[in-house]
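Colleague: The structure under discussion is supplied below as structure tokens; questions concerning it will follow.
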Amino acid sequence: MLDGKVVIITGGARGMGAATARRCAAEGARVVLTDVLIEEGAATAKELDAQFVPHDVTKPGDWGEVVATVTEAYGRLDGLVNNAGIAVQGPLERQSLEEFERVLKVNLVGVFLGVQSVVAPMRAAGGGSIVNISSVAGLTALPGTSGYGASKWGVRGLTKIAAVELGPDRIRVNSIHPGMIVTPMTAGHGAVSGAGRFPIVAAGRCGEPEEVAQASAFLLSDAASYITGAELAVDGGWAAGITQFRAPTSAEATTDETAATT
Ligand code: NAD
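In terms of this note's numbering, the sequence shown is residues 341 to 602.
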């Protein structure tokens with residue numbers, strides 16, 4: 341499905357980025373993966389017969405080098421998956437300004453720089469596809485995610501603005517919203533360590549990185565030729581609603597009303 345396409349995947353050393361790189365390579369793409377984790381990134385690239393470029397997505401100069409390396413090596417660029425990200429959790433009241441700004445810088449500014457950097461080479465290639473990895477935290481309010489959630493809502497909005505601006509250049513831009521996925525990022529999370537069971541979502545379990553990778557590969561491919569500005573939840577139904585919400589019974593509601601009037 342991706343035969344001959346040249347695709348950059350950021351944060352490709354491990355987790356979802358590595359799974360996406362593997363999937364794209366299996367579908368015939370020439371993959372360039374980038375990361376701040378140099379040893380892990382180089383090892384993943386070697387396994388896939390792909391190219392690795394050290395890259396901090398917050399640095400405009402790094403983006404220039406990545407794009408130059410790709411266009412020199414392959415003469416074109418067809419796809420970008422803005423996957424690199426970090427997670428910071430905790431109550432809004434106690435989140436430090438430094439943490440808030442750090443997560444916005446990697447997760448949102450990094451995506452902005454990525455989109456900006458690939459416009460010229462994609463335009464020259466006659467079009468392209470950009471997939472921005474947001475989160476279910478960019479579709480709904482998850483408590484304890486003020487910085488992270490703000491960055492992911494930002495990615496969702498930026499995706500639509502980019503889609504509208506870049507449509508005339510035949511560049512499609514879409515966002516993916518993973519739910520609870522088993523990767524190093526979520527390794528310490530109770531749902532992931534609990535044998536992957538995640539009963540609050542319709543699927544009843546956590547997702548595997550490959551399940552997100554397939555969605556990215558689809559959006560990169562020509563099979564998604566009329567899809568742009570869209571948001572695709574790959575979350576086992578999390579954003580649709582949680583399974584364990586219990587509405588108050590009529591007796592509880594009556595008691596509350598009585599309490600309010602006495
Ligand atoms: P991960 O921590 O396993 O992988 C993230 C990768 O990004 C790492 O290899 C890391 O080194 C790299 N990275 C971090 N900062 C970087 C920077 N400044 N420049 C370049 N690379 C950098 O996490 P993951 O779960 O595979 O996450 C991938 C993406 O999916 C992230 O954007 C994350 O927010 C998002 N996401 C993850 C989940 C989940 O449940 N795992 C859910 C929703 C969204």
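Glycine is no exception: its CB is placed at the ideal position from the N, C-alpha and C atoms.
Predicted, not measured: the structure shown is a model, and the values here were computed from it.
1. By DSSP, does ARG537 sit in helix, in strand, or in coil?
2. Sort out for me which residues DSSP pairs PRO394 with in a bridge.
3. Whole-angstrom Cβ separation of ILE540 and ILE582, contact assumed at under 8 Å?
4. According to DSSP, simplified to helix, strand and coil, what is GLU318?
5. Spatial neighbours of LYS345 within its chain, please: CB distance less than 6 Å, with the 5 preceding and 5 following residues excluded, ordered by chain position.
6. Should VAL513 be listed as close to the ligand NAD, given that the test is whether its C-beta is under 8 Å from any heavy atom?
7. Mapping DSSP to helix, strand and coil, what is VAL522?
8. In the DSSP output, which residue or residues are listed as bridge partners for ILE516?
9. Can you list, in chain order, the residues of its chain with a C-beta nearer than 7 Å to that of THR598? Leave out the 5 residues immediately preceding and following it.
10. The ligand NAD and THR613: does the residue's C-beta get closer than 8 Å to at least one heavy atom of that ligand?
11. Closer than 8 Å: is that where the CB of PRO518 sits relative to any heavy atom of the ligand NAD?
12. Could you name each continuous alpha helix (DSSP H) segment of 4 residues or more that falls completely within the stretch 391-443, going from the start of the chain to the end?
13. Can you tell me whether ILE501 is helix, strand or coil according to DSSP?
14. Please determine, among ASN422, ASP343, VAL407, the residue with the shortest C-alpha to C-alpha distance to GLY415.
Modeller: Considering the structure as presented:
1. strand
2. Its beta-bridge partners are ASP375.
3. With 8 Å as the limit, ILE540 and ILE582 qualify as a contact, their Cβ atoms being about 5 Å apart.
4. Residue 318 cannot be examined here, being either before or after the span of the chain that is shown, 341 to 602.
5. ALA369, ASP418, GLY419
6. no
7. coil
8. ILE473, LEU572, per the DSSP bridge assignment.
9. Any answer about THR598 is weak, because its pLDDT of 45 lies below 50 and its placement is not dependable; what the coordinates show is given next. Same-chain partners within the cutoff: there are none.
10. Residue 613 is absent from the model: the chain starts at 341 and stops at 602.
11. yes
12. The DSSP assignment places complete alpha helix (DSSP H) segments of no fewer than 4 residues inside the stretch 391-443 at 400-414, in order along the chain.
13. helix
14. VAL407
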